[in-house]
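Note sheet for the following structure.
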Ligand SMILES: Cc1cc2nc3c(=O)[nH]c(=O)nc-3n(C[C@H](O)[C@H](O)[C@H](O)COP(=O)(O)O)c2cc1C
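Numbering (this note's numbering), first residue to last: 24 to 434.
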């Protein structure tokens, strides 16, 4: 028998963690081949089954094919002592439920978490892909169609179903896609994430430099731009660590946040993590100077004049850019005048790969929802236009991905 060759998109699966979910449908026998193909493509596979699925195929088959224990019960003290269900949900870079029964789609559409697989789907932030497989009448039923639409509107990927002969003897739409077609479709999902698998370290927000135990020097940065960049990098498939100065913003979903106050703390947090990151994006408005001798007690207002001696803070971005074999570096320049000249000069002086420059002052830049950015590389200039910070962050991530691809460092 000829072994079918993997589609070119399968390359995007290499090293990825794929959680295969199996529900109670006759097509479950094809999932054994799917698991094999995913592993051939270099993915690490774990399998979770519904109770109905194990009436169709044996967990032992999938244990042998995936090389890992198969889970099917939610309330399982022994299994939870190993890789617990939340850990498994976090482990997944993608969840592919194949076959996805009509019943399972209804449970997902309703947000139920009444068994292990539906709980995993609800507890995971990874892309969720479903390969519906059912009798043609079940598929075209308004309830199933309604559920499929609701799931698609939430960003769930629906692979198929195909049309053709069905196990029940009928012909029509409802067949599960073939394993190779599913490998191809999942590969496309990963390939569309331009920073898939990349480690990205981002700084955001202001820093606070203590004058005494109750007072500090800071700036007007809200952190919104950095948080938006963290969210956009995560959406592009990156693993994101966000080192954040004090802000009132919630941590973006799926992003690990490390809170700091001062420039020195930010410096330490960045250097703790920088060795494992491939892209460093410095959006934080780090104070250039800090009080040389912060008072141990609250400063009293005795004197008519008070001088505060300031000393230079470490330049986090320049230090990261100077690292031998350091990450791809992206800095931000907020300027009140001569934007292009200052931005280009800053890029060169600090030795960073890209500088995203924005005009501040006169109501522009800080503490606002929108912004205007121009990105300068050594040879390229991209005007990202004026937009909401989240949209600008998305455009910036696209340019970073372009620059990395041009450099030939695609994963
Ligand atoms: C022999 C047999 C075959 C079935 N095949 C399918 C199927 O292909 N697709 C489907 O949606 N349901 C099918 N069902 C019904 C499901 O097994 C049933 O809805 C079950 O509740 C699904 O549970 P689960 O979604 O938790 O796996 C079949 C049932 C039987 C008895």
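All residues carry an ideal CB built from backbone N, CA and C; glycine is no exception.
- For the pair residue 79 and residue 55, the CB atoms are not nearer than the 8 Å cut-off.
- By the beta-carbon neighbour count (other beta carbons within 10 angstroms, threshold 16), residue 285 is buried.
- Distance from the CA atom of residue 299 to the CA atom of residue 35, rounded to whole angstroms, is 21 Å.
- Taking C-alpha positions only, residue 140 is separated from residue 106 by approximately 14 Å.
- Look at residue 294: its beta carbon is at least 7 Å from all of the heavy atoms in ligand 1.
- Proximity of the beta carbon of residue 47 to ligand 1 is indicated: a heavy atom of the ligand is located closer than 7 Å.
- CA-CA distance, residue 238 to residue 364, rounds to 35 Å.
- Using a C-beta cut-off of 8 Å, the stretch 358-372 makes no contact with the stretch 260-272, since fewer than three inter-stretch Cβ pairs fall below that distance.
- Look at residue 200 here: in three-state DSSP terms it is coil, with no helix or strand label.
- Under the DSSP definition of a beta bridge, residue 116 lacks any partner.
- Taken through DSSP and simplified to helix, strand or coil, residue 72 comes out as strand.
- Separation of the CB atoms of residue 108 and residue 143 is rounded to 6 Å, and the pair is thereby assigned contact status at 8 Å.
- Counting along the chain, the unbroken alpha helix (DSSP H) around residue 144 starts and ends at 139-146.
- When DSSP states are grouped into helix, strand and coil, residue 403 belongs to the coil group.
- Exclusion of residue 226 from the 7 Å shell around ligand 1 follows from its C-beta lying no nearer than that to any non-hydrogen atom of the ligand.
- Assignment of beta-bridge partners to residue 303 by DSSP yields 224, 352.
- The residues 67, 114, 115, 116, in chain order, have a CB closer than 6 Å to that of residue 40 in the same chain once the five nearest residues on each side in sequence are set aside.
- Relative to ligand 1, even the nearest heavy atom lies 7 Å or more away from the CB of residue 56.
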